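Chemist: Just dropping this structure here.
Residue numbers (the working numbering): 196 to 843.
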C-alpha cells in the first residue's frame, strides 16, 4: 500500500506523458486524476494505521548506492510525519488535478500539463517518504525539475521562460548548501540513514565535535544544520532566496496552487522538522531559523499589502506563512509548524484556485484595479474566497470556534512567546504585526475584487460567468478543510494527545517544549493575534469600502515607505546590481576576450584561418604559365644552394 501511495502518480505521469497522443486528452486527464486521487485514499488508510493505530514502519525496496563504507538504500519511511505529508500532497494535488480539467479546457497541451502535474506530485512524495538524505535529495531535485517544467509550461511567453529559469537558478543556490549539509552529516556520523543519524544525534562526542575553519574551531553539528537550512531557504522561499516565488505566478494557476500549498515550498519546512533530532542539539542553528522565519513573515506581509496582481498577493501571503512555520520550528514547536503547514495547504490552495476562477471569469485579467463588482456574477467563487481569506487571517472567536488558520497560526505565535528567548520574543511581535498586515491584505483582496463599482471593460463584464463544477467542486472540498481542519486537528497536533500522535517522528527536548509552555501563557498573549485579525478586517473595510481614497492618501504621505514595499524591498534590483550585471559583464568579457580573441584567435579556429590565408596566397602562384614555374624553380635552386653553402 505504501508503494501505491507513492508510485501511482508516477504511473499516471508515464502513461499521460508517453502515450498521451494515443489515449487522447481525456485519457491523459483520467489516468492522472485517478492515480493521484486513489493515492490520496490510500494515504488516508496509512494515516489511520500509522498515526492513530501507532504502526510506523520502514519498507525497504532495494539498495540504491553501495560503495566501500557508503551505503544508501531505497526505502519508504512511513511515520506520522510522513503520513501527514502524504495526505497534504496527495489531497491537494488530487483537487488540483480535477480543477485543471476545467481550467485548462482550451489549452492544446493538456496531456503534457497533466503529466507534469503528476511528476511534480511523485517527486514530492519521494521526498517525504525518504529513509535517508540521498533519497530525499533525489526527490528534492525532482521537485526542482518539475517546478521548472510547470512554471515555464507556457514557454511561448518570454516572462514564463524567465520565471522558470529564475526559480531553477535560485534554488540551485540553496541546493548547493543542502549538498554541503549532507556531506557534513556524513563526515560527522559516517552515515546518511535517518535511523543511524538520529540514534547518535544526542551523543556528547557528536554534539561537541568541531573542525578548523579559517583559524577558528567551528561546531560541526551547527554547521551541518545551517547548511541544511540554506537548502530549506531556497525551496521554501525564505528571505534572501525568495525572489523566485512571485515570478512563479507565470505558470498556470493550478501550478501556483500546487507549488504554494502542497509541494515545493513546504519541502523546506518538512526538512527542518524531519531533522529535528539534529536541530535540537544545535541551538545556534535554531536561533537563525527563528530570526530568518520572523523576518520573512513581516517582509512578505508588507509587500503583499501593496501588490495589485491577485496571484502575487496570495504568493507573498504564502511566503509570509512559511515564515511563521519556520520560526515555529526555530523555537522547537515542530508540531505547530506542521499543523500550520497542513491547514495552510487547504486554505492557500483554496485561495489560489478561487483566484483562478476569478481570472477565468474575467478572460485572463489578474489586476485587481481592473476588477470590482463581481460578487453578484460569481457568487460561489465569492463565498469560497471569503472562507479562504477568513482562514488565512486567522479569524475566530476565542474559546468557541475559528477557521483553520485561527488554531494553527495562533499556536505558532504563542509558542514563540513561550520560548522566553530574545529571538522568540522578536518572532512573537513580528508575528503579531504580520497577522495584522495579513488580515488587511486578505480583505483588501476581497473588497477590491468583488465589491465597489465594476472597473473591468463593459465587454468583459458582460461575459463574466461562474466557473464549471469541475473547478468549483475541488474548491468546495478545500473550503471544508479551511473551516474545520484546525478544530479537528488541534488536540492531536499540538494539544493533549500530541505525544501519542507524533510518537518518535519528531524530537523535542524537554527544555525546549514550547508547545506545553504555550498552553499556560497569560490571556492577553493568546488574545492579541485574534484581535489583530479583526482589526485588519476593520481597517480594510474602512480603507476600501467606506473611504476608498484613504489608502491612496496614506501611500502619498508615506511615499518612500510605500515605494519600498511596492518594489519588494528592492531585492531584485539589488541582486541585479550585485550579481546579475557583474556576471553578465564577466561572461561577455570572457566571451569576447577569452573565447573569441584568445581561443578562436590562437586555437583551432586561428590555425584554420592562418592556413586558409597561406593557401590563398600560395594559390596565386598557380598561374598555368610555364615560365612562371621555371622562374619559381630557379628561385628555389638559388635558395637551396645558398643554404647549402652557408651550412657547410
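For glycine and all other residues, C-beta sits at the position ideal for the given N, C-alpha and C. None of the values given here were measured: they were computed from a predicted structure.
Pick from 707, 330, 214 and 783: whose alpha carbon is nearest that of residue 141?
Modeler: Since the displayed the chain opens at 196 and closes at 843, residue 141 lies outside it and no answer follows.
Chemist: Which residues in the same chain have their Cβ closer than 8 angstroms to the Cβ of residue 582, if we skip the five residues on either side of it in sequence?
Modeler: Against the chain shown, residue 582 aligns to sequence position 387. 542, 545, 598, 674, 677 and 678, listed in sequence order.
Chemist: Just to confirm my understanding: we take residue 738, look at its own chain, exclude 5 residues before and 5 after, and list those with CB closer than 6 angstroms. What are they?
Modeler: As a position in the chain shown, residue 738 is number 543, starting the count at 1. Excluding residues within five positions, the ones whose Cβ falls inside 6 angstroms are 745 and 746.
Chemist: Since residue 278 and residue 204 are thought to touch, with beta carbons under 8 angstroms apart, how far apart are those beta carbons, to the nearest angstrom?
Modeler: For this step, residue 278 is matched to residue 83 along the chain shown. For this step, residue 204 is matched to residue 9 along the chain shown. About 16 angstroms; that fails the 8 angstroms criterion.
Chemist: Whole alpha helix (DSSP H) runs in the segment 666–706 with 4 or more residues, listed along the chain?
Modeler: Runs of the alpha helix (DSSP H) inside the segment 666–706: 693–697.
Chemist: Grouping DSSP H, G and I as helix and E and B as strand, with all else coil, what is residue 878?
Modeler: For the chain, the structure presents residues 196 to 843; residue 878 sits outside this window and is missing.
Chemist: Using a Cβ-Cβ cut-off of 6 angstroms (strictly less than) and excluding sequence neighbours within five positions of residue 466, which residues of its own chain qualify?
Modeler: Reading the chain shown from its first residue, position 271 is the one you call residue 466. So the list reads 427, once near-sequence residues are dropped.
Chemist: Does the beta-carbon of residue 710 have 16 or more other beta-carbons within 10 angstroms, so that it is buried, or is it exposed?
Modeler: Along the chain shown, read from residue 1 onward, the residue named residue 710 stands at position 515. The residue in question, residue 710, is buried, as its Cβ has 16 or more Cβ neighbours within 10 Å.
Chemist: Are residue 645 and residue 570 close, meaning C-beta to C-beta below 7 angstroms?
Modeler: The count along the chain shown starts at 1 and reaches residue 645 at position 450. The count along the chain shown starts at 1 and reaches residue 570 at position 375. Yes, Cβ-Cβ distance for residue 645 and residue 570 is below 7 angstroms.
Chemist: With DSSP run on the structure shown, which of helix, strand or coil describes residue 412?
Modeler: The residue you call residue 412 lines up with position 217 of the chain shown. Three-state result, residue 412: strand.
Chemist: Among all the DSSP beta bridges, which residues are the ones paired with residue 266?
Modeler: In the chain shown, the residue the question calls residue 266 occupies position 71. Note: residue 266 sits in a beta bridge opposite 261.
Chemist: Residues in its own chain within less than 6 angstroms of residue 586 by CB, not counting five upstream and five downstream?
Modeler: The residue labelled residue 586 in the question sits at position 391 within the chain shown. Hits under 6 angstroms: 542, 598, 599, 600 and 677.
Chemist: Beta-carbon separation of residue 501 and residue 761 under 7 angstroms?
Modeler: Locating residue 501 in the chain shown gives position 306, where the first residue counts as 1. Locating residue 761 in the chain shown gives position 566, where the first residue counts as 1. Yes, they are a contact pair.
Chemist: Just to confirm, is the Cβ distance from residue 234 to residue 223 under 7 angstroms?
Modeler: In the chain shown, residue 234 corresponds to position 39, counting from 1. In the chain shown, residue 223 corresponds to position 28, counting from 1. Going by C-beta atoms, residue 234 is not nearer than 7 angstroms to residue 223.
Chemist: CA-CA distance, residue 226 and residue 703?
Modeler: Counting from 1 along the chain shown, the entry for residue 226 is found at position 31. Counting from 1 along the chain shown, the entry for residue 703 is found at position 508. In a straight line, the C-alpha of residue 226 is about 42 angstroms away from that of residue 703.
Chemist: What distance in whole Å lies between the Cβ atoms of residue 547 and residue 448, which are believed to be in contact at a cut-off of 8 angstroms?
Modeler: Here residue 448 is taken as the residue at index 253 of the chain shown, counted from 1. Here residue 547 is taken as the residue at index 352 of the chain shown, counted from 1. Right, the Cβ-Cβ distance comes to about 6 angstroms (below 8 angstroms), so this counts as a contact.
Chemist: So, are the CB atoms of residue 197 and residue 273 less than 7 angstroms apart?
Modeler: The residue you call residue 197 lines up with position 2 of the chain shown. The residue you call residue 273 lines up with position 78 of the chain shown. Cβ distance < 7 angstroms, so residue 197 and residue 273 count as in contact.
Chemist: State the start and end residues of the unbroken alpha helix (DSSP H) segment that holds residue 319.
Modeler: As a position in the chain shown, residue 319 is number 124, starting the count at 1. 305–323 is the span of the alpha helix (DSSP H), which, as asked, contains residue 319.
Chemist: Under the rule that 16 or more other beta-carbon atoms within 10 Å means buried, what is residue 605, buried or exposed?
Modeler: Reading the chain shown from its first residue, position 410 is the one you call residue 605. Classification for residue 605: buried.
Chemist: To which residues does DSSP link residue 254 through a beta bridge?
Modeler: Within the chain shown, the letter at position 59 stands for residue 254. In DSSP, residue 254 forms a bridge with 271.
Chemist: Looking only at its chain, what residues have a beta carbon closer than 7 angstroms to the beta carbon of residue 325, apart from the 5 residues adjacent to it on each side?
Modeler: To locate residue 325, count along the chain shown from 1; it is residue 130. The answer, listed in chain order, is 272, 331 and 334.
Chemist: For the structure I just gave you, are there three or more beta carbon pairs, one from the segment 509–527 and one from the segment 614–628, closer than 8 angstroms?
Modeler: As far as the Cβ criterion goes, the segment 509–527 touches the segment 614–628, which means the pair count is three or higher.
Chemist: Could you give the distance in angstroms between the alpha-carbon of residue 450 and the alpha-carbon of residue 350?
Modeler: In the chain shown, the residue the question calls residue 450 occupies position 255. In the chain shown, the residue the question calls residue 350 occupies position 155. In a straight line, the C-alpha of residue 450 is about 14 angstroms away from that of residue 350.
Chemist: With three or more beta-carbon pairs closer than 8 angstroms as the criterion, would you say the segment 284–297 touches the segment 251–258?
Modeler: Touching, no.
Chemist: For residue 736, tell me which candidate among 636, 361 and 505 has the shortest Cα-Cα distance.
Modeler: Your numbering for residue 736 matches position 541 in the chain shown. Ranking 636, 361 and 505 by Cα distance to residue 736 puts 636 first.
Chemist: Check the DSSP bridge columns for residue 592 and list the partner residues they point to.
Modeler: Your numbering for residue 592 matches position 397 in the chain shown. Answer by DSSP bridge pairing, in chain order: 596.
Chemist: Could you pull out every residue in the same chain whose Cβ sits closer than 7 angstroms to the Cβ of residue 610, ignoring the five residues on either side in sequence?
Modeler: Here residue 610 refers to the residue found at position 415 of the chain shown. Cβ neighbours of residue 610 beyond the five flanking positions: 523, 526, 528, 531, 709, 710 and 713.
Chemist: Note down, in chain order, each residue of its chain lying with its Cβ closer than 7 angstroms to the Cβ of residue 240, except the 5 sequence neighbours on either side.
Modeler: The count along the chain shown starts at 1 and reaches residue 240 at position 45. Taken in chain order, the residues that qualify are 196.
Chemist: Are at least three pairs of beta-carbons, each pair with one atom in the segment 470–488 and one in the segment 414–421, less than 8 angstroms apart?
Modeler: Flag = yes, the segment 470–488 and the segment 414–421 touch.
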